[in-house]
Structures are given as structure tokens and as C-alpha cells.
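Residue numbers (the numbering used here): 1276 to 1405.
All C-beta atoms in this analysis are idealised placements derived from N, C-alpha and C, irrespective of residue type, glycine included.
The following block contains the structure:
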């Protein structure tokens, strides 16, 4: 399954809202009762999460998540290495306990340098830091 096919499959899930859908970034709000469907799709594409919820982020997870705002204890991060670049998925539960924000990023082969912004990285940072 490629990035675009993953997005098409996710859109079949009953989502609360699609916030952004570009060629390399997808963001949606998912009802928590649909989370198991979503996690199955993410596992097919990414494999197991590199940082499951309920675990502190370390090493590689911190390195790759930093440009996107990092990943907290209660959040989940998936990572897929491509021939050129990386793909990420983040699950960020809401405080209400009934919704989860899904963010999926295709890095398009541009290296992620936490010290520098540019292109997609700067754009995504601008979303996260609002």
C-alpha cells in the first residue's frame, strides 16, 4: 500500500472531520470508537508503532518527531523508511477522551533536519505551533 492508497482507505472510516488533504500531508479528527479500524490500517502500512501510547519517547523517536512538534507520552507515532525519505503518522488523543487527531506526513525524500526549517517541515511546524 502506498501513501495515497493509505489515505483513500482511511477516508472510508467514519471520520469526524478532514482538516487537510494535500499530496504529502493528511490530517483528520477520528472518533475514538473508530480508532481500532484506523490502527489496523496504519499497521498494514507502517507496521507496529515506533512509539506507542503510554511509553516515553526516546532516541530515534525524538529525533524524527522533533520537527513536527515532538510526541508526548499519551501520543502514538508510526514511522516508515522509504528509499528516499520517511513517512510518519501521529495519533494525538484529545483531552475529552472521545476524539483523536490523526496526522500523516510523507516527507518526500527531503531530509528532516531539526535545526532547519524549509518546505513541508516549516509548513507542518507552522500548523503545530499555532
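Whole-angstrom C-beta distance between residue j and residue i, which should lie under 8 Å
{"i": "residue 1340", "j": "residue 1332", "result": "6 Å"}
Same chain, Cβ closer than 7 Å to residue i, five either side skipped, listed in chain order
{"i": "residue 1347", "result": "none"}
{"i": "residue 1386", "result": "Model confidence at residue 1386 stands at a pLDDT of 40, short of 50, so the residue's coordinates are unreliable; what they give is reported in the following sentence. So the list is empty, once near-sequence residues are dropped."}
Beta-carbon spacing of residue i, residue j below 9 Å
{"i": "residue 1310", "j": "residue 1281", "result": "no"}
{"i": "residue 1374", "j": "residue 1350", "result": "no"}
{"i": "residue 1307", "j": "residue 1372", "result": "yes"}
Counterpart residues of residue i in DSSP-defined beta bridges
{"i": "residue 1296", "result": "1301"}
Own chain, CB closer than 6 Å to residue i, minus 5 neighbours either side, in chain order
{"i": "residue 1320", "result": "1276 and 1281"}
Neighbourhood of residue i by C-beta, 8 Å cutoff - its chain only, sequence neighbours within 5 removed
{"i": "residue 1322", "result": "1353 and 1355"}
{"i": "residue 1405", "result": "With a pLDDT of only 43 at residue 1405, under the threshold of 50, the placement of this residue in the model should not be trusted; the figure read from the coordinates follows. The answer is none, since no qualifying residue turns up."}
**Contiguous beta strand (DSSP E) assignments of at least 3 residues, all confined to the region 1315-1387** = You should have 1351-1356, 1361-1368 and 1374-1381.
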